[in-house]
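Enquirer: Going line by line, the protein sequences match chains A and B.
Mapping of the first sequence onto this note's numbering: residues 2 to 358, in sequence order.
Mapping of the second sequence onto this note's numbering: residues 2 to 358, in sequence order.
Note that beta-carbon positions come from the ideal geometry of N, C-alpha and C, so glycine has one too.
Once you've had a glance at the structure underneath, I'll fire off some questions.
Protein chains: 2
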Amino acid sequence: MTLINSTPRKDGFRMPGEFEPHAGCWMLWPERPDNWRLGAKPAQRAFATTAAAIAQFEPVTMGVSRGQFLNARQMLPAHVRVVEMSYDDSWIRDCGPTFVINDKGAVRGVDWDFNAWGGIYFPWDQDALVARKVLKIERLDRYKADLVLEGGSIHVDGEGTLLVTEECLLNPNRNPQLTKEKIEETLRECLNVEQIVWLDRGVCLDETSGHIDNLCCFVRPGVVALTWTDDRSDPQHEISLDAYDRLRAATDARGRKFEVHKIHQPEPMTITKEESEGIDAVEGTLPRRAGDRLAGSYINFYTANDGIVMPTFDDPHDGAAIETLQRLFPKRRIVDVPAREILLGGGNIHCITQQQP
Amino acid sequence: MTLINSTPRKDGFRMPGEFEPHAGCWMLWPERPDNWRLGAKPAQRAFATTAAAIAQFEPVTMGVSRGQFLNARQMLPAHVRVVEMSYDDSWIRDCGPTFVINDKGAVRGVDWDFNAWGGIYFPWDQDALVARKVLKIERLDRYKADLVLEGGSIHVDGEGTLLVTEECLLNPNRNPQLTKEKIEETLRECLNVEQIVWLDRGVCLDETSGHIDNLCCFVRPGVVALTWTDDRSDPQHEISLDAYDRLRAATDARGRKFEVHKIHQPEPMTITKEESEGIDAVEGTLPRRAGDRLAGSYINFYTANDGIVMPTFDDPHDGAAIETLQRLFPKRRIVDVPAREILLGGGNIHCITQQQP
Chain A
2 MTLINSTPRK DGFRMPGEFE PHAGCWMLWP ERPDNWRLGA KPAQRAFATT AAAIAQFEPV
62 TMGVSRGQFL NARQMLPAHV RVVEMSYDDS WIRDCGPTFV INDKGAVRGV DWDFNAWGGI
122 YFPWDQDALV ARKVLKIERL DRYKADLVLE GGSIHVDGEG TLLVTEECLL NPNRNPQLTK
182 EKIEETLREC LNVEQIVWLD RGVCLDETSG HIDNLCCFVR PGVVALTWTD DRSDPQHEIS
242 LDAYDRLRAA TDARGRKFEV HKIHQPEPMT ITKEESEGID AVEGTLPRRA GDRLAGSYIN
302 FYTANDGIVM PTFDDPHDGA AIETLQRLFP KRRIVDVPAR EILLGGGNIH CITQQQP
Chain B
2 MTLINSTPRK DGFRMPGEFE PHAGCWMLWP ERPDNWRLGA KPAQRAFATT AAAIAQFEPV
62 TMGVSRGQFL NARQMLPAHV RVVEMSYDDS WIRDCGPTFV INDKGAVRGV DWDFNAWGGI
122 YFPWDQDALV ARKVLKIERL DRYKADLVLE GGSIHVDGEG TLLVTEECLL NPNRNPQLTK
182 EKIEETLREC LNVEQIVWLD RGVCLDETSG HIDNLCCFVR PGVVALTWTD DRSDPQHEIS
242 LDAYDRLRAA TDARGRKFEV HKIHQPEPMT ITKEESEGID AVEGTLPRRA GDRLAGSYIN
302 FYTANDGIVM PTFDDPHDGA AIETLQRLFP KRRIVDVPAR EILLGGGNIH CITQQQP
């Protein structure tokens with residue numbers, strides 16, 4: 002429960018792959034009316050459905066503000082643990098701790114600097130405290146990383162390989178004072194990785210500056226899934242093709258070539274006028290205009306113990322995505338959650354969850 | 002972590018004596034300016050001193066509101082765990098859970114109804130949620146008791162005996178619809194006790210309607226300490242004498258007579274004009290007027306693992322109280338905390354702590 006003046010690498014801790022065993026999953030309750038339409042009521046239902054889906058596979062803890070405590074308690078299944086926590090928004094993938102483990106099963110947390118995805122949502126003072134609050138509740142020791150980073154911008158295979166995008170990690174809205182080499186050094190120390198695979202850009206118009214977790218993820222060591230489109234006129238085609246080429250040319254920390262599985266994206270979706278009108282338009286927050294394209298992707302799923310909780314969009318590609326994930330994770334049960342209301346807030350199921358090994 | 006539809010007695014759980022081993026201690030950070038003078042800053046220093054004193058003997062967790070989170074973190078020793086929690090005031094003895102244990106070392110909590118000591122401090126909606134929030138954080142199962150009760154109004158010996166006052170438990174401001182017999186039945190079920198010893202009144206002008214924990218407490222089974230005054234003109238004399246007589250006439254659940262140790266109270270203290278002027282005077286809160294007598298007592302101490310953390314008042318009786326407690330607890334180290342700032346808020350060290358077995 003103390004702040005450790007060292008690094009996970011020095012102490013023999015590593016970030017495990019998401020597909021490794023979990024003690025549970027953390028989430029935060031959606032609330033802010035300048036990001037979630039209609040007082041976040043539709044999003045709260047989607048989050049509750051997601052929590053219930055994950056809770057089939059592992060314990061779920063929901064951080065809930067003072068004002069929403071009783072409502073969340075009411076809307077969530079009784080076996081979801083509700084703890085009080087303040088936040089600015091509900092993306093615990095990004096503001097929560099990155100858990101690391103050692104060979105003896107000890108667990109610690111990395112607390113990154115957080116600046117709300119390059120400062121696009123003001124304020125972020127409460128989000129910046131979430132990691133340490135989670136670690137205090139779980140009585141886990143904490144490393145403070147001197148790097149602005151969100152959990153959604155990293156994926157590891159647990160065997161020394163890290164996947165990131167240049168669009169995000171080298172973006173001047175995060176760590177303009179640091180060179181690529183210095184950023185790599187911090188990532189190696191904090192996650193205990195050897196090989197960093199740099200893709201170029203994230204999903205088209207993803208407001209996170211291209212988080213990896215909407216573009217590409219590990220199925221297991223040596224095997225990744227990549228969002229894809231066959232439509233060459235869609236700007237996403239070029240992005241996914243470039244990522245595919247880089248992945249095929251790369252090797253992981255163990256010297257393996259990657260097996261890359263494409264998952265065709267949903268049809269391009271845009272915000273409707275009705276959806277836009279349900280959101281407070283206030284200064285300091287990214288506008289949600291009618292007609293804006295949403296960064297839809299099936300890659301933004303959560304890997305639970307014995308299960309996959311994935312977003313669907315009432316889209317013709319839903320079925321193929323479900324089938325592919327079932328094939329890639331033959332021992333896990335696939336649960337799909339209608340996720341448009343989460344996507345409207347700027348992310349998806351992976352973004353609103355944080356596994357605790 | 003679920004709500005249990007049974008009672009501790011039926012399930013083989015009992016409330017242990019405070020002198021039995023603890024896993025730790027819970028506290029809440031003082032804040033409300035209509036009870037604590039000067040924005041609660043002097044009280045916060047006294048609470049921090051108390052937390053540091055207890056943390057010498059056992060882990061301490063401090064519940065802190067969103068607004069005070071960073072300040073409390075700064076004012077408290079690093080090894081005190083800080084978790085976010087809302088509250089109306091900071092008396093976790095009264096609004097927190099009463100922990101119960103079984104022979105196998107399992108721990109659960111009783112969540113009483115809470116109405117702010119008979120409705121004298123408005124509002125109390127957040128205090129009423131504290132017990133369940135604590136139990137969720139600790140992942141402990143919860144019994145909901147259908148009785149308005151504060152933890153400060155009960156003391157047990159862990160062997161079947163309960164000490165209470167009629168002034169508090171039979172007060173129409175708590176459970177006017179219940180007979181004494183019905184109240185006793187609920188206490189037997191929730192605490193797993195056989196013998197309930199009823200004293201008459203609590204300490205003179207104690208705003209809690211006479212909580213037992215300011216008047217009399219168990220040192221160990223068969224042995225109690227009682228606040229006392231030799232001054233026959235002090236209304237406290239008659240109260241303490243009556244309690245003494247009742248205790249000497251009573252037997253405990255094992256048929257033992259009580260050994261009663263008197264601890265002379267501090268000299269009567271009153272609120273100064275300066276102290277009164279530092280407190281917001283708002284409707285719904287008990288006024289703190291200059292000249293009002295404070296319910297000072299040395300009995301309101303906390304029994305920690307291997308230690309006693311007790312209040313002192315820069316009073317001529319301090320030394321004798323310290324000596325008596327050291328004699329009564331020969332194996333525990335006595336730590337005294339200057340506690341006038343806590344007393345000004347209406348209670349003392351026992352009232353602001355809650356042991357977790």
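Is any beta-carbon of chain B found at less than 8 Å from that of A/Phe-115?
Expert: Among the residues facing chain B, A/Phe-115 is not included, as its CB has no counterpart in that chain under 8 Å away.
Enquirer: Mind pulling the alpha helix (DSSP H) runs of 4 or more residues that sit fully within the region 295 to 329 of chain A?
Expert: 319 to 329
Enquirer: Could you tell me the distance, in whole angstroms, from the CA atom of A/Ser-298 to the CA atom of A/Asn-116?
Expert: Answer to the nearest angstrom: the Cα atoms are 24 Å apart.
Enquirer: Helix, strand or coil, according to DSSP, for B/Gly-119 in the structure here?
Expert: helix
Enquirer: Where are the alpha helix (DSSP H) runs, 4 residues long or more, that stay fully inside the region 202 to 260 of chain A, in chain order?
Expert: The qualifying runs are 236 to 250.
Enquirer: What's the C-alpha gap between A/His-53 and B/Thr-62?
Expert: Looking at the sequence itself, residue 53 of chain A is Ala, so the reference to His does not match. In a straight line, the C-alpha of A/Ala-53 is about 30 Å away from that of B/Thr-62.
Enquirer: What separation, rounded to the nearest whole angstrom, lies between the Cα atoms of A/Pro-60 and A/Val-310?
Expert: 14 Å
Enquirer: Leaving aside the five residues before and after A/Gln-355 along the sequence, list all residues of the same chain whose C-beta is less than 6 Å from its C-beta, in chain order.
Expert: Trp-27, Ile-93, Arg-94 and Gly-97
Enquirer: Name the chain A residues whose beta carbon is nearer than 7 Å to that of B/Ile-138?
Expert: Val-84 and Ile-138
Enquirer: In chain B, what lies closer than 8 Å to A/Gln-127 by C-beta?
Expert: Neighbours of A/Gln-127 on chain B, chain order: Arg-67.
Enquirer: Taking the straight line between their C-alpha atoms, what separation do you get for B/Val-243 and B/Asp-201?
Expert: Residue identity check: residue 243 of chain B is Asp in the sequence provided, not Val. Using only the alpha carbons, I get a separation of about 7 Å.
Enquirer: Look at the Cβ atom of A/Trp-125, then the Cβ atom of A/Asp-89, and state whether they are nearer than 8 Å.
Expert: yes
Enquirer: With H, G and I counted as helix, E and B as strand and the rest as coil, what does DSSP make of A/Asp-142?
Expert: coil
Enquirer: Pull the bridge partners of A/Leu-29 from the DSSP assignment, please.
Expert: A/Gly-64
Enquirer: Taking B/Thr-1 as the query, report the chain A residues whose CB atoms sit under 9 Å from its CB, ordered along the chain.
Expert: In the structure as shown, chain B starts at 2 and stops at 358, and residue 1 of chain B therefore has no counterpart that could be examined.
Enquirer: I believe B/Gln-127 touches B/Ser-154 by the beta-carbon criterion, under 8 Å. Please report the beta-carbon distance rounded to the nearest angstrom.
Expert: B/Gln-127 to B/Ser-154, Cβ: 20 Å. No contact.
Enquirer: Please identify, using Cβ separations under 9 Å, the residues of the region 322 to 338 of chain A that lie next to chain B, in order along the chain.
Expert: none
Enquirer: Quick one, are the C-beta atoms of A/Pro-173 and A/Arg-109 less than 8 Å apart?
Expert: no
Enquirer: How many whole angstroms separate the CB atoms of B/His-212 and B/Cys-169, which I take to be in contact at a CB cut-off of 8 Å?
Expert: Taking a contact as a CB-CB distance under 8 Å, the pair B/His-212 and B/Cys-169 counts as one, their CB atoms being some 6 Å apart.
Enquirer: Name the chain A residues whose beta carbon is nearer than 7 Å to that of B/Lys-145?
Expert: Residues of chain A passing the Cβ test: none, with the nearest at roughly 13 Å.
Enquirer: Beta strand (DSSP E) containing B/Glu-85: first to last residue?
Expert: Unbroken beta strand (DSSP E) run through B/Glu-85: 82 to 85.
Enquirer: Have a look at the DSSP bridge pairing and note the partners of B/Gln-355.
Expert: B/Trp-27
Enquirer: Could you work out which residue in B/Ser-210, B/Leu-130 and B/Ile-121 is closest to B/Val-111 when comparing CA atoms only?
Expert: Looking at the Cα atoms, B/Leu-130 is the closest of the given residues.
Enquirer: Please confirm if the region 155 to 162 of chain A is in contact with the region 78 to 86 of chain A, defined as three or more CB-CB distances below 8 Å between the two stretches.
Expert: no
Enquirer: Whole angstroms is fine: what's the gap from A/Asp-315's alpha carbon to A/Ala-322's?
Expert: 12 Å
Enquirer: By the criterion of Cβ-Cβ separation under 9 Å, what are the contact partners of B/Phe-359 in chain A?
Expert: No answer is possible for residue 359 of chain B: it lies beyond the span of chain B, which begins at 2 and ends at 358.
Enquirer: Determine the extent of the alpha helix (DSSP H) in which A/Gln-45 is found, giving its start and end residues.
Expert: In the DSSP assignment, A/Gln-45 falls within the alpha helix (DSSP H) that extends over 42 to 56.
Enquirer: According to DSSP, is A/Asp-90 helix, strand or coil?
Expert: Residue state for A/Asp-90 is assigned as coil, using DSSP reduced to three classes.
Enquirer: Below 8 Å between beta carbons: does that hold for B/Val-65 and B/Trp-37?
Expert: no
Enquirer: Work out the CA separation of A/Ala-305 and A/Asp-231 for me, nearest whole Å.
Expert: 29 Å
Enquirer: Tell me whether B/Lys-274 sits in a helix, a strand or coil according to DSSP, three-state version.
Expert: helix
Enquirer: Quick check on the DSSP output: the beta strand (DSSP E) that includes A/Asp-337 runs from which residue to which?
Expert: 334 to 339
Enquirer: Measuring alpha carbon to alpha carbon, tell me which residue in A/Phe-48, A/Gln-57 and A/Ile-55 is nearest A/Asn-72.
Expert: A/Phe-48
Enquirer: Mind checking which residues open and close the beta strand (DSSP E) that includes A/Ile-184?
Expert: Premise fails: A/Ile-184 lies in the alpha helix (DSSP H), 181 to 192, not in any beta strand (DSSP E).
Enquirer: Could you give the C-beta distance for A/Ile-184 and A/Leu-148, rounded to a whole number, given that I count them as a contact under 8 Å?
Expert: 7 Å
Enquirer: Along the chain, where does the alpha helix (DSSP H) that runs through B/Phe-70 open and close?
Expert: 70 to 76
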